[in-house]
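K.L.:
Protein chains in written order, with this note's numbering: chain A, 152 to 353; chain B, 152 to 353; chain C, 152 to 353; chain D, 152 to 353. All residues carry an ideal CB built from backbone N, CA and C; glycine is no exception. Please read these numbers as outputs of a predicted model, since none were measured by experiment. First the structure, then my questions, so here it is.
Number of protein chains: 4
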Amino acid sequence: MQTLPSTNRLEAFSDGVIAVIITIMVLELRVPGLHEMSTADAARFDLRMIAVYLLSFVQTGIYWVNHHYLLEDLKHVTHSVLWANLMFLFCLSLIPFGTQWIAVRGVNPYPVAAYSLCFVAPAIAWVVLSFAICRITHVAPANGALIQTVSAVLNVGSVFVALRMPYLALGMIGFVAFLWLLPPRRIVERTRAAASLHSDSR
Amino acid sequence: MQTLPSTNRLEAFSDGVIAVIITIMVLELRVPGLHEMSTADAARFDLRMIAVYLLSFVQTGIYWVNHHYLLEDLKHVTHSVLWANLMFLFCLSLIPFGTQWIAVRGVNPYPVAAYSLCFVAPAIAWVVLSFAICRITHVAPANGALIQTVSAVLNVGSVFVALRMPYLALGMIGFVAFLWLLPPRRIVERTRAAASLHSDSR
Amino acid sequence: MQTLPSTNRLEAFSDGVIAVIITIMVLELRVPGLHEMSTADAARFDLRMIAVYLLSFVQTGIYWVNHHYLLEDLKHVTHSVLWANLMFLFCLSLIPFGTQWIAVRGVNPYPVAAYSLCFVAPAIAWVVLSFAICRITHVAPANGALIQTVSAVLNVGSVFVALRMPYLALGMIGFVAFLWLLPPRRIVERTRAAASLHSDSR
Amino acid sequence: MQTLPSTNRLEAFSDGVIAVIITIMVLELRVPGLHEMSTADAARFDLRMIAVYLLSFVQTGIYWVNHHYLLEDLKHVTHSVLWANLMFLFCLSLIPFGTQWIAVRGVNPYPVAAYSLCFVAPAIAWVVLSFAICRITHVAPANGALIQTVSAVLNVGSVFVALRMPYLALGMIGFVAFLWLLPPRRIVERTRAAASLHSDSR
């Protein structure tokens with residue numbers, strides 16, 4: 152009997168790519184050269200860069216956590232899931248590029264707009280991936296429609312806001328990240344149910 | 152009783168290498184320095200680079216998907232499979248090098264020819280790996296002879312075309328990628344059979 | 152029945168991130184340009200850099216080994232464990248940044264203080280992660296309170312010492328690393344018990 | 152009953168580190184700038200660099216294959232195995248550094264001697280790791296004493312030869328790589344035995 156390809160390699164590969172994406176951003180944190188800046192300027196620059204890096208890290212982390220939840224109910228992969236996942240990973244890999252843009256050009260209108268765009272791309276790819284997987288599992292995505300809509304509006308809006316007020320745009324992306332830090336309701340319920348089950352069977 | 156080395160580590164290691172290759176290319180997407188280019192030039196340059204990066208990403212993704220399919224029927228590894236796989240990974244790791252070449256020198260005859268060559272190397276290594284694995288599994292590779300031949304001709308041809316018409320050569324590589332995006336017939340059948348089986352047993 | 156998310160992906164992802172962190176530091180080891188330094192100067196510079204790189208590598212290795220021990224008793228993950236772990240990985244990813252700082256600016260007060268700070272961050276994140284996990288497993292962390300306190304004092308102290316005596320600060324960080332190289336008592340006992348068990352059952 | 156830590160995470164982490172090491176070397180393959188070199192010079196430079204990169208890749212690949220064989224009989228890990236493995240990985244991560252050295256400074260006495268030294272370090276760490284593991288498994292390492300001795304002499308010798316004849320030193324390292332490409336006898340026998348067993352039970 153022929154078995155269906157399991158999700159093991161899909162998970163392992165995605166984990167590998169996201170691990171590289173999330174750690175490669177630290178390479179963007181370029182230490183300014185010795186003679187080019189005063190120590191105080193360098194310290195201020197570094198703190199701002201660490202803040203932007205933290206934002207990118209948290210956004211990428213949110214995708215990893217939700218990718219984790221999304222694949223939980225998936226038992227086998229299909230060609231279209233493999234490619235929807237690859238396209239999602241491609242869009243995700245633009246985040247270090249956007250982060251580096253700010254690192255090189257500073258918190259200015261054009262770079263921050265590019266940075267915002269780098270979050271719109273994975274958001275679209277995420278919706279496509281969710282649909283491709285839900286078609287197989289027949290389980291609705293764990294994330295509600297409300298949070299999806301609010302963050303879509305804020306995400307797309309931040310691209311335009313960035314052209315006038317780059318710091319406000321960064322704040323909007325940060326607020327989206329904050330919204331997603333809370334666990335989705337279904338995960339909370341499932342965790343509680345399973346935990347009580349486990350403590351019973353111990 | 153002595154057990155045979157399983158394919159677990161081969162898969163995990165290959166996934167790791169391909170994950171690094173596919174994400175390291177984003178590092179090639181260098182943001183041009185602040186004073187060197189106008190904003191419009193930079194935007195045009197970035198879009199072209201993102202297109203080339205997408206092409207490299209899709210090509211590498213195709214290899215990952217097919218590597219996935221190729222190893223499905225393999226139950227144990229041998230010394231020659233380990234090395235055929237390592238040589239395949241080596242050739243694959245030339246793709247970021249070719250991508251960077253274009254990123255640094257632009258879409259010109261010599262760089263695009265080098266870029267095309269970077270796709271011929273993994274194609275040859277892929278054939279060697281397929282043979283090494285099929286000798287053990289006694290299962291014919293999932294990809295038909297027709298697509299193999301067509302893409303071999305286009306791949307090798309693009310090296311020479313690049314010397315006169317670099318954009319046409321990139322188009323040829325893109326067309327090869329397009330051909331491989333469709334799932335191989337055997338995978339489609341197997342997926343369908345297994346899916347109906349799974350839905351029965353649910 | 153719904154199963155709880157297992158620790159497999161958490162472990163795999165953490166291993167991926169730490170693997171990238173630990174090897175990406177080698178990229179900081181920049182070879183000085185041909186014309187800028189004499190061969191003797193370059194050799195001295197390289198040896199000092201390899202020593203700092205080894206220190207960062209051992210510190211990161213210590214976290215990996217203890218992360219390994221910490222997760223051993225964990226059977227399922229929760230949303231808060233996922234995020235405590237991500238924050239720990241974020242703090243850990245600052246180590247290559249601190250290492251690069253010294254590589255670029257040399258063993259001077261300000262860079263070494265920054266380097267020391269890069270070890271305080273993961274130490275705090277580690278305590279948070281330990282608590283998040285112990286709340287679930289009801290197993291006390293393997294590392295004793297004494298070594299935790301001593302290394303906390305030395306870690307924080309080295310930030311201030313660095314401003315006057317950078318080499319002493321590096322020595323303090325090295326001493327903390329040395330303290331953690333010994334296996335925690337519980338691991339030793341468990342290993343011994345299990346080893347004797349295994350040799351019996353053979 | 153308490154179980155002993157399995158080798159799963161040790162294998163996964165080592166695979167991750169070696170995957171990063173082996174692919175990060177492609178980053179050393181810097182494309183020379185547009186105006187600095189003629190096309191012919193660049194092509195010659197690139198071919199030589201690809202050859203050195205291939206040598207480093209094969210050497211690292213040899214360690215991965217043998218690491219694979221070494222861990223096959225290991226059922227559980229101890230604190231000393233974890234650290235012997237980490238030290239081995241540290242020494243292995245010096246190979247990209249040595250490779251970059253030649254990439255920046257060319258095939259000259261001093262860089263090639265440094266490159267040779269980068270192969271002596273993992274060779275010593277490998278012997279330590281072998282001993283740490285064989286103490287637990289009570290299985291002799293798969294690699295014979297003859298090949299170990301010959302390659303040790305050639306490895307150490309190449310450091311000194313490099314100071315007079317750098318190309319000969321590279322040849323010696325290449326010859327050591329060639330010696331290790333053949334599968335160790337025990338692996339051949341085991342593979343054959345297991346393969347015939349598997350074909351019987353099919």
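Have a look at V232 (chain D) and H218 (chain D) and give me their C-alpha separation to the nearest angstrom.
P.N.:
The count along the fourth sequence starts at 1 and reaches residue 232 (chain D) at position 81. The count along the fourth sequence starts at 1 and reaches residue 218 (chain D) at position 67. Cα to Cα, V232 (chain D) sits roughly 13 Å from H218 (chain D).
K.L.:
What residue ranges within the segment 194–274 of chain A form continuous alpha helix (DSSP H) runs of no fewer than 4 residues, ordered along the chain?
P.N.:
With a minimum length of 4 residues, the continuous alpha helix (DSSP H) runs that stay inside the segment 194–274 of chain A are 230–243 and 245–256.
K.L.:
Taking A303 (chain B) as part of the alpha helix (DSSP H), name the residues at either end of that continuous run.
P.N.:
Sequence index remark: in the second sequence, residue 303 (chain B) carries index 152 (1-based). From DSSP, the alpha helix (DSSP H) with A303 (chain B) extends over A296 to A313.
K.L.:
Using a cut-off of 7 Å between C-beta atoms, extract the partners of H218 (chain B) located in chain D.
P.N.:
As a position in the second sequence, residue 218 (chain B) is number 67, starting the count at 1. Those within 7 Å of H218 (chain B) in chain D number zero; the least Cβ separation is about 14 Å.
K.L.:
Just how far apart, CA to CA, sit D224 (chain D) and T229 (chain A)?
P.N.:
Residue numbering aside, residue 224 (chain D) sits at position 73 when the fourth sequence is read from its first letter. Residue numbering aside, residue 229 (chain A) sits at position 78 when the first sequence is read from its first letter. Spanning the two alpha carbons is a distance of roughly 35 Å.
K.L.:
I need the straight-line Cα distance from R357 (chain A) to T288 (chain B), nearest angstrom please.
P.N.:
An answer regarding residue 357 (chain A) cannot be provided, because it is not within the stretch 152 to 353 covered by chain A.
K.L.:
Hey, does A274 (chain C) have any beta-carbon neighbour from chain A nearer than 8 Å?
P.N.:
Residue 274 (chain C) sits at position 123 when you count from the first residue of the third sequence. Not one chain A Cβ lies under 8 Å of A274 (chain C).
K.L.:
For G212 (chain D), tell me which candidate among D:G295, D:T174 and D:G322 has the shortest Cα-Cα distance.
P.N.:
Position 61 of the fourth sequence, counted from the start, is the residue given in the question as residue 212 (chain D). Out of D:G295, D:T174 and D:G322, D:T174 has the C-alpha closest to the C-alpha of G212 (chain D).
K.L.:
Express the C-alpha separation of A264 (chain D) and R315 (chain B) in angstroms, rounding to a whole number.
P.N.:
The residue labelled residue 315 (chain B) in the question sits at position 164 within the second sequence. The residue labelled residue 264 (chain D) in the question sits at position 113 within the fourth sequence. Computed Cα separation, rounded: 43 Å.
K.L.:
Within its chain, find whatever has a CB closer than 7 Å to the CB of P317 (chain C); leave out the 5 residues flanking it on each side and keep chain order.
P.N.:
Position 166 of the third sequence, counted from the start, is the residue given in the question as residue 317 (chain C). Once the five neighbours on either side are set aside, the close Cβ partners of P317 (chain C) are V258, N259, P260 and V263.
K.L.:
For V168 (chain B), decide whether its Cβ has a neighbour in chain D, counting only Cβ atoms nearer than 8 Å.
P.N.:
Taking the first residue of the second sequence as position 1, residue 168 (chain B) is located at position 17. Yes, its Cβ sits closer than 8 Å to a Cβ of chain D.
K.L.:
May I have the straight-line CA-CA distance separating F329 (chain A) from V339 (chain B), to the nearest angstrom?
P.N.:
On the first sequence, residue 329 (chain A) is found 178 positions in, with the first residue counted as 1. On the second sequence, residue 339 (chain B) is found 188 positions in, with the first residue counted as 1. Roughly 41 Å between the two C-alpha positions.
K.L.:
Rounding to the nearest angstrom, what Cα-Cα distance links S238 (chain C) and F270 (chain C) in this structure?
P.N.:
Translated into the one-based positions of the third sequence, residue 238 (chain C) becomes position 87. Translated into the one-based positions of the third sequence, residue 270 (chain C) becomes position 119. Inspection of the sequence shows that residue 238 (chain C) is occupied by Met rather than by Ser. About 14 Å.
K.L.:
Which residue's Cα is closest to the Cα of P334 (chain B): B:A313, B:A272 and B:W215?
P.N.:
For the purposes of this step, residue 334 (chain B) is identified with residue 183 of the second sequence, where counting begins at 1. Of the listed residues, the one whose Cα sits closest to P334 (chain B) is B:W215.
K.L.:
Please tell me whether S244 (chain B) and S309 (chain B) are closer than 8 Å, where the distance is taken between their beta carbons.
P.N.:
By 1-based counting over the second sequence, the position of residue 244 (chain B) is 93. By 1-based counting over the second sequence, the position of residue 309 (chain B) is 158. Against a cut-off of 8 Å, the Cβ pair of S309 (chain B) and S244 (chain B) comes out as no contact.
K.L.:
Determine, using beta carbons only, whether G295 (chain B) comes closer than 8 Å to chain A.
P.N.:
Here residue 295 (chain B) corresponds to residue number 144 of the second sequence, with the count starting at 1. Closer than 8 Å: no.
K.L.:
Would the segment 159–173 of chain A and the segment 157–164 of chain C be scored as touching if the rule is three or more Cβ pairs under 8 Å?
P.N.:
In short, these stretches touch, since the Cβ pair count reaches three.
K.L.:
Once the 5 residues before and after V209 (chain D) are set aside, which same chain residues still bring their CB inside 6 Å of it?
P.N.:
Taking the fourth sequence and counting its residues from 1, the one referred to as residue 209 (chain D) is at position 58. Cβ within range, chain order: A328.
K.L.:
What distance in whole Å lies between the Cβ atoms of M176 (chain A) and P247 (chain A), which are believed to be in contact at a cut-off of 8 Å?
P.N.:
Here residue 247 (chain A) refers to the residue found at position 96 when the first sequence is read from its first residue. Here residue 176 (chain A) refers to the residue found at position 25 when the first sequence is read from its first residue. Their Cβ separation, rounded to whole angstroms, is 5 Å, which keeps P247 (chain A) and M176 (chain A) in contact under 8 Å.
K.L.:
Between L221 (chain D) and I172 (chain D), which are expected to be in contact by the criterion C-beta below 8 Å, what is the C-beta distance as a whole number of angstroms?
P.N.:
Locating residue 221 (chain D) in the fourth sequence gives position 70, where the first residue counts as 1. Locating residue 172 (chain D) in the fourth sequence gives position 21, where the first residue counts as 1. In fact, because the Cβ distance is near 17 Å, the residues do not count as touching under 8 Å.
K.L.:
Can you tell me whether V290 (chain C) is buried or exposed, with buried defined as 16 or more other CB within 10 angstroms of its CB?
P.N.:
As a first step, residue 290 (chain C) is located in the third sequence; it is residue number 139 there, counting from the start. Exposed: under 16 other Cβ atoms inside 10 Å.
K.L.:
S165 (chain C) lies in the alpha helix (DSSP H); which residues open and close that run?
P.N.:
Taking the third sequence and counting its residues from 1, one reaches residue 165 (chain C) at position 14. Taken as a continuous stretch (DSSP letters only), the alpha helix (DSSP H) holding S165 (chain C) covers N159 to I175.
K.L.:
What does the alpha-carbon distance come out to for the pair D197 (chain A) and A320 (chain D)?
P.N.:
The count along the first sequence starts at 1 and reaches residue 197 (chain A) at position 46. The count along the fourth sequence starts at 1 and reaches residue 320 (chain D) at position 169. Cα to Cα, the separation comes out at about 44 Å.
K.L.:
Against chain A, does L237 (chain C) count as a neighbour if the rule is that its beta carbon must be under 8 Å from one of theirs?
P.N.:
On the third sequence, residue 237 (chain C) is found 86 positions in, with the first residue counted as 1. Interface residue, yes.
K.L.:
Hey, F326 (chain D) and L305 (chain D) are a contact pair by Cβ (cut 8 Å); roughly how many whole angstroms apart?
P.N.:
Taking the first residue of the fourth sequence as 1, we reach residue 326 (chain D) at position 175. Taking the first residue of the fourth sequence as 1, we reach residue 305 (chain D) at position 154. Going by Cβ atoms, the distance from F326 (chain D) to L305 (chain D) rounds to 7 Å, so yes, they are a contact pair.
K.L.:
Inspect the beta-carbon positions of L205 (chain B) and F241 (chain A) and report whether they are closer than 8 Å.
P.N.:
For the purposes of this step, residue 205 (chain B) is identified with residue 54 of the second sequence, where counting begins at 1. For the purposes of this step, residue 241 (chain A) is identified with residue 90 of the first sequence, where counting begins at 1. Yes, the pair counts as a contact, with Cβ atoms nearer than the cut-off.
K.L.:
What residues from the segment 304–336 of chain B come within 9 Å of chain D, judged by C-beta to C-beta, listed N to C?
P.N.:
Within the segment 304–336 of chain B, no residue has a Cβ that lies closer than 9 Å to any Cβ of chain D.
K.L.:
Using the beta-carbon of each residue, which ones in chain G are nearer than 9 Å to A202 (chain D)?
P.N.:
Considering every chain present, this structure includes no chain G. Its protein chains are A, B, C and D.
K.L.:
Run down chain B in chain order and give the residues with a C-beta less than 8 Å from the C-beta of W234 (chain A).
P.N.:
For the purposes of this step, residue 234 (chain A) is identified with residue 83 of the first sequence, where counting begins at 1. G212, V216 and L332, listed in chain order.
K.L.:
According to the neighbour-count rule (16 or more other Cβ atoms, all chains shown, within 10 Å of its Cβ), is R256 (chain A) buried or exposed?
P.N.:
By 1-based counting over the first sequence, the position of residue 256 (chain A) is 105. Looking at its Cβ environment, which holds 16 or more other Cβ atoms inside 10 Å, R256 (chain A) is buried.
K.L.:
Report buried or exposed for A344 (chain B), applying the criterion of at least 16 other Cβ atoms within 10 angstroms of its Cβ.
P.N.:
Counting from 1 along the second sequence, the entry for residue 344 (chain B) is found at position 193. So A344 (chain B) ends up on the exposed side.
K.L.:
Using 8 Å as the limit for Cβ to Cβ distance, is F208 (chain B) near chain D?
P.N.:
In the second sequence, residue 208 (chain B) corresponds to position 57, counting from 1. It does not; no Cβ of chain D falls within 8 Å.
K.L.:
Just to confirm the assignment, what range does the alpha helix (DSSP H) spanning M323 (chain A) have?
P.N.:
As a working note, residue 323 (chain A) is residue 172 in the first sequence. Where M323 (chain A) is concerned, the enclosing alpha helix (DSSP H) stretches over P317 to L332.
K.L.:
Would you kindly work out how many angstroms separate the C-alpha atoms of A313 (chain A) and R337 (chain A), rounded to a whole number?
P.N.:
In the first sequence, counting from the first residue as 1, residue 313 (chain A) sits at position 162. In the first sequence, counting from the first residue as 1, residue 337 (chain A) sits at position 186. Approximately 34 Å between the Cα atoms of the pair.
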